[in-house]
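K.L.:
2 protein chains.
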Amino acid sequence: MDKDIETLSTLAPAIVLVKPQLGENIGMVARAMLNNGLTDLRLVAPRDGWPNAAADSASSGALNKGVTVTLYGETAQAVEDMQYVLATTARPRDMIKEVYTPEAAIDETCAQALSGGNRTAILFGGERSGLENEDIALSNAIITAPLNPAFTSLNLAQAVLMIGYEWSKRIYGAQVMPTEFKKGDTPFARREEIDGLITRLTEELDAHHFFRSEGLKPTVTRNLTNMFSRMQITAQEVNTFHGIISALTGQKPPRSDHKGE
Amino acid sequence: MDKDIETLSTLAPAIVLVKPQLGENIGMVARAMLNNGLTDLRLVAPRDGWPNAAADSASSGALNKGVTVTLYGETAQAVEDMQYVLATTARPRDMIKEVYTPEAAIDETCAQALSGGNRTAILFGGERSGLENEDIALSNAIITAPLNPAFTSLNLAQAVLMIGYEWSKRIYGAQVMPTEFKKGDTPFARREEIDGLITRLTEELDAHHFFRSEGLKPTVTRNLTNMFSRMQITAQEVNTFHGIISALTGQKPPRSDHKGE
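Protein sequences appear in the order of chains G and B.
Residues in the first sequence are numbered from 4 upward in steps of one, following our numbering.
Residues in the second sequence are numbered from 4 upward in steps of one, following our numbering.
(1) Output the distance between the C-alpha atoms of A93 (chain B) and I109 (chain G), rounded to the nearest integer angstrom.
(2) For K6 (chain B), count neighbouring C-beta atoms within 10 Å of its own C-beta (all shown protein chains included) and say buried if the count is 16 or more, exposed if not.
(3) Exposed or buried, which one is P54 (chain B) when buried takes at least 16 other CB atoms within 10 Å?
(4) By Cβ distance below 8 angstroms, which residues in the same chain neighbour E137 (chain B) in space, the five residues on each side in sequence not counted?
(5) How about Q161 (chain G): is its C-beta nearer than 7 angstroms to some C-beta of chain B?
(6) If you measure beta-carbon to beta-carbon, which residues of the stretch 53-83 of chain B are closer than 8 angstroms to chain G?
(7) Quick one: is R194 (chain G) buried, meaning 16 or more other Cβ sit within 10 Å of its Cβ, or exposed?
(8) Per DSSP, A237 (chain B) forms a beta bridge with which residues?
(9) Just to confirm, is the Cβ distance from E207 (chain G) to E106 (chain G) under 7 angstroms?
(10) Please list, in chain order, the residues of the stretch 129-157 of chain B that have any C-beta partner in chain G closer than 8 angstroms.
(11) Starting from the C-beta of T104 (chain G), find all residues in its chain whose C-beta is less than 8 angstroms away, skip the five residues before and the five after it, and write them out in chain order.
(12) Below 7 angstroms CB to CB, which residues in the same chain sit around S60 (chain G) once its five sequence neighbours on both sides are set aside?
(13) Using 7 angstroms as the limit for Cβ to Cβ distance, is V179 (chain B) near chain G?
(14) By Cβ distance, which residues of its chain are closer than 6 angstroms to V102 (chain B), with the 5 residues on each side in sequence left out?
(15) Name the two residues that bound the continuous beta strand (DSSP E) containing A144 (chain G).
(16) Quick one, which residues of the stretch 27-38 of chain G are near chain B if we go by CB-CB under 8 angstroms, in chain order?
(17) Give the residues from the stretch 5-29 of chain B that approach chain G closer than 9 angstroms (Cβ to any Cβ), ordered along the chain.
(18) Do L44 (chain B) and I8 (chain B) come within 7 angstroms of each other at the CB atom, strictly closer than that value?
(19) Starting from T104 (chain B), trace the beta strand (DSSP E) both ways and give me its first and last residue.
(20) Applying the criterion that 16 or more other CB atoms from any shown protein chain within 10 Å of the CB defines a buried residue, is A210 (chain B) buried or exposed?
(21) State the DSSP-derived secondary structure class of T71 (chain B), mapped to helix, strand or coil.
(22) Please classify R173 (chain B): does DSSP put it in a helix, a strand, or coil?
(23) Sorted by chain position, which residues of the same chain lie with C-beta nearer than 7 angstroms to R131 (chain G)'s C-beta, five sequence neighbours on each side aside?
(24) In whole angstroms, what separates the C-alpha of A15 (chain B) from that of S142 (chain G)?
(25) Tell me the rounded alpha-carbon separation between K185 (chain B) and K172 (chain G).
(26) Just mark L159 (chain G) as buried or exposed, buried being the case when its beta carbon has 16 or more other beta carbons within 10 Å.
(27) Does any C-beta atom of chain G lie closer than 7 angstroms to the C-beta of Y168 (chain B)?
(28) Where does G133 (chain G) sit, in a helix, a strand or coil, going by DSSP?
(29) When the Cα of C113 (chain G) is compared with those of G:T202, G:K68, G:S12, G:E27, which residue comes out closest?
(30) Compare the C-beta of L89 (chain B) against all C-beta atoms of chain G and say whether one is closer than 7 angstroms.
(31) M230 (chain B) CB to nearest chain G CB: under 7 angstroms?
(32) Listing by chain order, which chain B residues have their CB less than 9 angstroms from the CB of Q235 (chain G)?
(33) Let me confirm a value: L251 (chain G) is counted as buried when at least 16 other C-beta atoms fall within 10 Å, else exposed. Which label applies?
(34) When the Cα atoms are used, what is the spatial distance from G253 (chain G) to T243 (chain G)?
(35) Assuming F191 (chain B) and Q235 (chain B) are in contact, meaning their beta carbons sit under 8 angstroms apart, how far apart are those beta carbons, in whole angstroms?
(36) Exposed or buried, which one is T71 (chain G) when buried takes at least 16 other CB atoms within 10 Å?
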């Protein structure tokens, strides 16, 4: 898998903005791209020309830290060196094309890269009217994002992020460690430490007449055990609880209960 | 599944912005939220107060079309009515918390809603410094996005979109029809129409001395068949090809070859 990620990184998709209008949006696209490990930005006939000061400022440095910008006059030129082209559009078209979600589109982009060494370009239309039919005709497939049908007006940089994020998941997802706990400096408590805490707590509760009937004790103990088990308590936190019990009962902490390396 | 989506829609997560600074970013957050079907926006001590004209303008109407804004003085007040709280942060913290990707976080949000009727709040820090440790301490778990480690500076609205999009996938994903073809008004060609086209084409090629040797014919025919099968051609497109052949060979289109309802 690490080798796959290496291969994918060398074949990351190009982002092609066709007739974008606001420099600020181009800058925010660059920022979103670099967040997601994408660096090849291609502009087809940007309305306000290039370079663009508003783009620089909105990019938060992305245009100086890795994103390269290339200018083209026509969409066809911008995708000349690409083997696979995807067009983003929310509106239904009369053309017969496969329609992908962003997730499925990036699955296909990765498959193209890994099986054939193919590079993908992803086309985004300008702010006002999106892609033209001519741009869509030269694409292999369409990407349509799952959006609230009552409010589909998606900002250009947001559209790029939605798709870039799916790429990012595949390249950088492993580093988040989805179901792992982020450990501090202290290890989790051992069972004997947890059980020692629960034993002491129920004894103190007993001594303070907490249990109205003897029958309640096993139930409460079970509930406490479940609660302390569920919270993935650390050895240090067990110490804290011992301190709390000691304070509330006016004792010194019985250190033998919670030590033991 | 439709019933699940209905349930989820009534328990959509609240987005809590803690000490946000720029009105423009708040507006873009509202826009991203409504794109993804989220409508409960809570602001904790926004720097420039509320209402905010820059937010209105950047929201592209989202603040008038469904997103409600509620103001709070403290994070704890903003999440008072919530059963589950998630904190977004890129920086490692010393606290022991489960760390989710946006995808896993929304899985958990959905599970909380469907199994317990629990509502989730998702906390986002301000532009400058993110969430404070006090905000993270009252959260059940952390969300960390998979980002390019060399450029993790994520715009506030982009952070909201990344997580909102995972929600949107679950609520609106079905309407994209991932692997379906988007059909126009014409149906796909029947096999006999495709085979009729290939037969005519190879006959014309034969008549025009295309095949240098007789042995080439089966190979070329197989390649043509494969190509026309792969492209999911429509009946209308078969007609177009017949027209092309007729034009190139100076004939009238032989209508009997491509008709047949």
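Positions of the beta carbon are idealized from the N, C-alpha and C atoms, including for glycine.
Model, not experiment: these values are computed from the prediction.
P.N.:
The short version:
(1) 24 angstroms
(2) exposed
(3) exposed
(4) T78
(5) yes
(6) S63, G64, A65, K68, G69
(7) exposed
(8) Before going further, note that residue 237 (chain B) is Thr rather than Ala in the sequence given. B:F191, per the DSSP bridge assignment.
(9) no
(10) I145, T147, A148, P149, L150, N151, P152, A153, F154, T155, S156, L157
(11) I146, T147, A148, P149
(12) G30
(13) yes
(14) I145, T147
(15) 144-146
(16) M31, R34, A35, L37, N38
(17) none
(18) no
(19) First-last for T104 (chain B): undefined, no H or E at that position.
(20) exposed
(21) strand
(22) helix
(23) Q24
(24) 36 angstroms
(25) Confidence at K185 (chain B) is low in this model, with a pLDDT of 47, below 50, so the placement of that residue should be treated as unreliable; the coordinate-derived value is given next. K185 (chain B) and K172 (chain G): Cα-Cα distance of roughly 27 angstroms.
(26) buried
(27) yes
(28) strand
(29) G:S12
(30) no
(31) no
(32) I99, E101
(33) exposed
(34) 15 angstroms
(35) 6 angstroms
(36) exposed
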